[in-house]
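J.: Line by line, the protein sequences are chains A and B.
Residue 0 is where the first sequence starts when you use numbering that gives the first Met the number 0, and the numbers rise one by one after that.
Residue 0 is where the second sequence starts when you use numbering that gives the first Met the number 0, and the numbers rise one by one after that.
No residue lacks a Cβ here, since even glycine has one placed at the ideal position from N, Cα and C.
After the structure tokens below, expect a handful of questions from me.
2 protein chains.
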Amino acid sequence: MKNVTIIEIAERAGVSMKTVSRVLNGEPNVRESTREKVKKVAAELNYQPNVFARSLASKRSFVVAHFHDNPSPDYLEKIYTGIHQVTRSSGYLAVMEPLTVPYTKSAGEYLARFKVDGVILSPPLSDNTALVEMLLERGIPIVRISPRNNFELSSYAYVDDTSATKAMTEHLIELGHKKIAFIAGPREHGAARKRETGFHQATEAAGLNKSECPVFQGDFSVRSGFDAAKAALANSGDVTAIVAANDDMAVGVVMAALKRGLDVPGDLSVTGFDGSRLGDIIWPQLTTVKQPVEEMAAEVTSMLLEEIVAKEHEKKAVKFDVTNLIRNTTSIVKSPS
Amino acid sequence: MKNVTIIEIAERAGVSMKTVSRVLNGEPNVRESTREKVKKVAAELNYQPNVFARSLASKRSFVVAHFHDNPSPDYLEKIYTGIHQVTRSSGYLAVMEPLTVPYTKSAGEYLARFKVDGVILSPPLSDNTALVEMLLERGIPIVRISPRNNFELSSYAYVDDTSATKAMTEHLIELGHKKIAFIAGPREHGAARKRETGFHQATEAAGLNKSECPVFQGDFSVRSGFDAAKAALANSGDVTAIVAANDDMAVGVVMAALKRGLDVPGDLSVTGFDGSRLGDIIWPQLTTVKQPVEEMAAEVTSMLLEEIVAKEHEKKAVKFDVTNLIRNTTSIVKSPS
DNA sequence: GCGTTGTTTGACAGCGCTGTCAACAATTTA
DNA sequence: TAAATTGTTGACAGCGCTGTCAAACAACGC
Numbered sequence: 000m001k002n003v004t005i006i007e008i009a010e011r012a013g014v015s016m017k018t019v020s021r022v023l024n025g026e027p028n029v030r031e032s033t034r035e036k037v038k039k040v041a042a043e044l045n046y047q048p049n050v051f052a053r054s055l056a057s058k059r060s061f062v063v064a065h066f067h068d069n070p071s072p073d074y075l076e077k078i079y080t081g082i083h084q085v086t087r088s089s090g091y092l093a094v095m096e097p098l099t100v101p102y103t104k105s106a107g108e109y110l111a112r113f114k115v116d117g118v119i120l121s122p123p124l125s126d127n128t129a130l131v132e133m134l135l136e137r138g139i140p141i142v143r144i145s146p147r148n149n150f151e152l153s154s155y156a157y158v159d160d161t162s163a164t165k166a167m168t169e170h171l172i173e174l175g176h177k178k179i180a181f182i183a184g185p186r187e188h189g190a191a192r193k194r195e196t197g198f199h200q201a202t203e204a205a206g207l208n209k210s211e212c213p214v215f216q217g218d219f220s221v222r223s224g225f226d227a228a229k230a231a232l233a234n235s236g237d238v239t240a241i242v243a244a245n246d247d248m249a250v251g252v253v254m255a256a257l258k259r260g261l262d263v264p265g266d267l268s269v270t271g272f273d274g275s276r277l278g279d280i281i282w283p284q285l286t287t288v289k290q291p292v293e294e295m296a297a298e299v300t301s302m303l304l305e306e307i308v309a310k311e312h313e314k315k316a317v318k319f320d321v322t323n324l325i326r327n328t329t330s331i332v333k334s335p336s
Numbered sequence: 000m001k002n003v004t005i006i007e008i009a010e011r012a013g014v015s016m017k018t019v020s021r022v023l024n025g026e027p028n029v030r031e032s033t034r035e036k037v038k039k040v041a042a043e044l045n046y047q048p049n050v051f052a053r054s055l056a057s058k059r060s061f062v063v064a065h066f067h068d069n070p071s072p073d074y075l076e077k078i079y080t081g082i083h084q085v086t087r088s089s090g091y092l093a094v095m096e097p098l099t100v101p102y103t104k105s106a107g108e109y110l111a112r113f114k115v116d117g118v119i120l121s122p123p124l125s126d127n128t129a130l131v132e133m134l135l136e137r138g139i140p141i142v143r144i145s146p147r148n149n150f151e152l153s154s155y156a157y158v159d160d161t162s163a164t165k166a167m168t169e170h171l172i173e174l175g176h177k178k179i180a181f182i183a184g185p186r187e188h189g190a191a192r193k194r195e196t197g198f199h200q201a202t203e204a205a206g207l208n209k210s211e212c213p214v215f216q217g218d219f220s221v222r223s224g225f226d227a228a229k230a231a232l233a234n235s236g237d238v239t240a241i242v243a244a245n246d247d248m249a250v251g252v253v254m255a256a257l258k259r260g261l262d263v264p265g266d267l268s269v270t271g272f273d274g275s276r277l278g279d280i281i282w283p284q285l286t287t288v289k290q291p292v293e294e295m296a297a298e299v300t301s302m303l304l305e306e307i308v309a310k311e312h313e314k315k316a317v318k319f320d321v322t323n324l325i326r327n328t329t330s331i332v333k334s335p336s
């Protein structure tokens, strides 16, 4: 399993190492005939570059890291799949790194050990200004998924959380619901706040009684949705629908309702946000807003690799469309008994 | 952010580069006083080794990969956490790599690109003889989680799937169940077959009627559990309990029962295997066999790093105990109506 | 024809570290 | 005390690649 080196390719092709290097890295200023000859020899020899030598000499690592602090394996898995699609075909290595609080310290320790060429940030880290600035100061290119602040600092992919939630809430209103509770996500999670805004926009536009549309605090975990739903159903026994700021919490709501002996959607309609695997799995299947998470992750990864290569700085924002997945946890409101 | 090099440490400590290198790598044959002096200087300078230079010179990569092909993000996440605990504190980088069929080809392509010092295999890859042999032939140390064949080929961690499933089935029998269906996992998954064996052992020992204890085929996915349960409940309308070979399928069973209007556990008792997050989440909470997945992953990772360093070949097998988590999907059998 | 530009190429150093091997110091043995 | 053994150290080459810079070459205008 002796490895082929650039030297051998150079000898066989009758050129210098440097020219081989140029061809292999797609650099300009190589005559087309030379380029093809080198490529042919490299292919014949089944050449694989030595990433360490390359990294040592070029000071690039060919590694991109995804920093996250997300409690949902489903979400992570989708992000990883998206990142992976892109890195795999580009010769980059993708590494997933869970960060712990304090994030800047955790990230700093990691970066001290392992050089990375770029970093992908997903919520809630996308909105962590300290972390973003720290990475930028170190000169590490970053891209973000669904950031909600400091938009100018990096390229990013996003969906319109506000209008998506508004549309979903309107769907419930159309079904006749008038007393709708909202379960909010973490305060520091920008997208979560947008979703709350969308909820309020819809209920206000419909002229619903504000006190009959209470908001409960959750933290995006299934458990917090479960607990919030318990509170919502106890304190406001007459809510007929609950909008949760993400799927995990919505699943918690469904479980709480089932435990309470309520029929879903007969007695209580529930909606989520994300389009996570969990919402597919449970019965009844969750009505939710499906985000194209994989596609978003793939897109930001592409942008990141471009930025790494180009060293340029025109930040891009790519908007993705969501799909309202109307499934089995929503139905017309029961006529008041 | 100028990086400190070994040269600077050598100068300040008044020794050669090589001696610094020896100290930093914990090699023997350095006088204790010299060792301490070097360590002190390195700490003062906050030295961080350049992994690429080190890898280039030593032909080690300080990367371990976890190859997997597991449909369950929950399981993966636990494995990653366990691996990570160990690698993080050892200066190694852990990379998760999903393999696709054919595995040996997929793995081969990966290894051609990225050198790894060792590989961790989890089910069902643990049982893939071709893959295991390919890695071994390339001289890559491997460790496995829950392998069911070729035990002598690597160190591994395992639980006793047979007796765990037997015990869980006995629990149902004690509750009075006599007509119990089993939903089997993939045929190529060794542990899944052991679980089926445990099921049969329990039902036979209790003298249950074999034809009333049918086996249905699943593939470890929630969906397959759902489908198998539909078949089980339709074909053998009188089964009062279902033992699933993993949690995801058990959740599918619960969902199928709910959809059918059955009460769980009132009309149907269900048990799983794994102790996955999904089983915690749903209501009723799943009665299951909890495997210490994180601990197992951490243990095999430690063994792997030892093997990498020591280059020795005494294979170890570490057995882990399972816990029978009796929760809310099992209850005494309904008296026949 | 000659200078001027632009394009293509290669010689060479060196990225930061470790392996090899030889030199030397300390210790044990005869 | 000399010889043999063991422990400690450093000089040096080189891992496989890329950056720098200068040389060679081609194309063009006057």
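1) Assuming A:Val224 contacts A:Val242 (C-beta within less than 8 Å), just tell me the rounded distance between them.
2) Return the residues of the stretch 235 to 260 of chain A that lie within a Cβ-Cβ distance of less than 7 Å from chain B, sorted by chain order.
3) For A:Thr86, would you say it is in contact with chain B, using Cβ-to-Cβ distances shorter than 8 Å as the test?
4) Over the uninterrupted beta strand (DSSP E) stretch that includes B:Thr270, give me the two end residues.
5) Taking 8 Å as the threshold (C-beta atoms), are A:Glu187 and A:Asp126 in contact?
6) Report back the beta-carbon spacing between A:Val118 and A:Phe66 to the nearest angstrom; my notes put them in contact at under 8 Å.
7) Output yes or no for whether 8 Å exceeds the beta carbon distance between B:Glu298 and B:Lys77.
8) Could you pull the start and end residues of the beta strand (DSSP E) that A:Phe181 belongs to?
9) Please determine, among B:Val263, B:Ala106, B:Arg276, the residue with the shortest C-alpha to C-alpha distance to B:Val332.
10) Please list the partners that B:Arg112 has in chain A, where partner means a Cβ-to-Cβ separation under 7 Å.
11) Could you check whether the Cβ of A:Met95 sits closer than 8 Å to any Cβ belonging to chain B?
12) Is it the case that the stretch 264 to 274 of chain A contacts the stretch 45 to 63 of chain A, given that we only count it when at least three CB pairs across the two stretches are under 8 Å?
13) Taking contact to mean at least 3 C-beta pairs separated by less than 8 Å, is the stretch 108 to 122 of chain B in contact with the stretch 141 to 148 of chain B?
14) Could you run through the stretch 52 to 64 of chain B and flag, in chain order, every residue whose CB is less than 8 Å away from some CB of chain A?
15) Taking all protein chains shown into account, do 16 or more other C-beta atoms lie within 10 angstroms of the C-beta of B:Asn245, making it buried, or fewer, making it exposed?
16) Identify the continuous alpha helix (DSSP H) that holds B:Gly197 and give its terminal residues.
17) Assuming the contact rule is C-beta atoms closer than 8 Å, A:His176 and A:Asn323 should be a hit. Round their C-beta distance to whole Å, please.
18) Below 8 Å on the Cβ atoms is my contact criterion, and I expect B:Val321 with B:Gln290 to pass it. Report the Cβ-Cβ distance as a whole number of Å.
19) Output needed for A:Lys315: all residues of its chain with C-beta closer than 7 Å, excluding positions within five of it in sequence on either side, in chain order.
20) What does DSSP give as the partner residues of B:Pro241 in its beta bridges?
21) Please name the residue or residues paired with A:Ala316 in a DSSP beta bridge.
22) How far does the beta strand (DSSP E) with A:Leu324 in it extend, from its first residue to its last?
23) Could you tell me the distance, in whole angstroms, from the CA atom of A:Asn69 to the CA atom of A:Arg11?
24) Against chain B, which members of the stretch 221 to 236 of chain A pass a CB distance test of less than 9 Å?
25) Does any residue of chain B bring its CB to less than 8 Å from the CB of A:Val3?
26) Looking at the secondary structure, which residues open and close the beta strand (DSSP E) in which A:Lys229 lies?
27) Relative to the alpha-carbon of B:Arg59, which residue among B:Asp237, B:Thr328, B:Trp282, B:Ile307 has its alpha-carbon at the smallest distance?
28) Please classify B:Glu96 as buried or exposed, where buried requires at least 16 other C-beta atoms within 10 Å of its C-beta.
29) Alpha carbon to alpha carbon, how far is A:Val86 from A:Ile280?
30) Measure from the alpha carbon of B:Lys258 to the alpha carbon of each residue in A:Arg276, A:Trp282, A:Asp273, A:Ala201, then state which is nearest.
31) Taking the straight line between their C-alpha atoms, what separation do you get for B:Tyr157 and B:Gly189?
32) If the cut is a Cβ gap below 7 Å, which residues of chain B does A:Glu43 touch?
33) Skipping 5 residues on each side, what residues in its chain have a beta carbon closer than 8 Å to that of B:Thr128?
34) Contact between the stretch 195 to 212 of chain A and the stretch 21 to 28 of chain B is defined here as three or more beta-carbon pairs at a separation below 8 Å; is this criterion met?
35) Report the residue from A:Leu174, A:Leu135, A:Gly81 whose alpha carbon sits nearest the alpha carbon of A:Val94.
36) Closest Cβ-Cβ distance between A:Pro72 and chain B: below 8 Å?
T.: Taking the definition as stated:
1) Before going further, note that residue 224 of chain A is Gly rather than Val in the sequence given. No, A:Gly224 and A:Val242 are not in contact; Cβ-Cβ is about 11 Å, not under 8 Å.
2) Val250, Met254, Leu257, Lys258
3) no
4) 268 to 270
5) It is a contact, given that the beta carbons lie within the stated cut-off.
6) Indeed, because the Cβ distance is near 6 Å, the residues count as touching under 8 Å.
7) no
8) 179 to 183
9) B:Val263
10) Gln47, Gly90
11) yes
12) no
13) yes
14) Ala52, Ser54, Leu55, Ser60
15) buried
16) Taken as a continuous stretch (DSSP letters only), the alpha helix (DSSP H) holding B:Gly197 covers 189 to 204.
17) About 16 Å; that fails the 8 Å criterion.
18) 6 Å
19) Ser154, Met302
20) First, the residue type needs correcting, since residue 241 of chain B is Ile and not Pro in the sequence shown. DSSP, once it has assigned bridges, lists B:Ala180, B:Val269 as partnering B:Ile241.
21) A:Tyr155
22) Its beta strand (DSSP E) spans residues 322 to 324.
23) 51 Å
24) Val221, Arg222, Phe225
25) Closer than 8 Å to the CB of A:Val3 there is not a single CB belonging to chain B.
26) Counting along the chain, A:Lys229 falls outside any beta strand (DSSP E), though it belongs to the alpha helix (DSSP H) covering 221 to 234.
27) Ranked by Cα distance from B:Arg59, the first of B:Asp237, B:Thr328, B:Trp282, B:Ile307 is B:Ile307.
28) Sixteen is the threshold: when 16 or more other Cβ atoms of the shown chains lie within 10 Å of the Cβ of B:Glu96, as they do, the residue is buried.
29) What sits at residue 86 of chain A in the sequence shown is Thr, not Val. Rounded to whole angstroms, A:Thr86 to A:Ile280 spans 29 Å at the Cα level.
30) A:Trp282
31) 12 Å
32) Those within 7 Å of A:Glu43 in chain B number zero; the least Cβ separation is about 15 Å.
33) Asn148, Asn149
34) The stretch 195 to 212 of chain A is not in contact with the stretch 21 to 28 of chain B.
35) That would be A:Gly81, whose Cα lies nearest to the Cα of A:Val94.
36) yes
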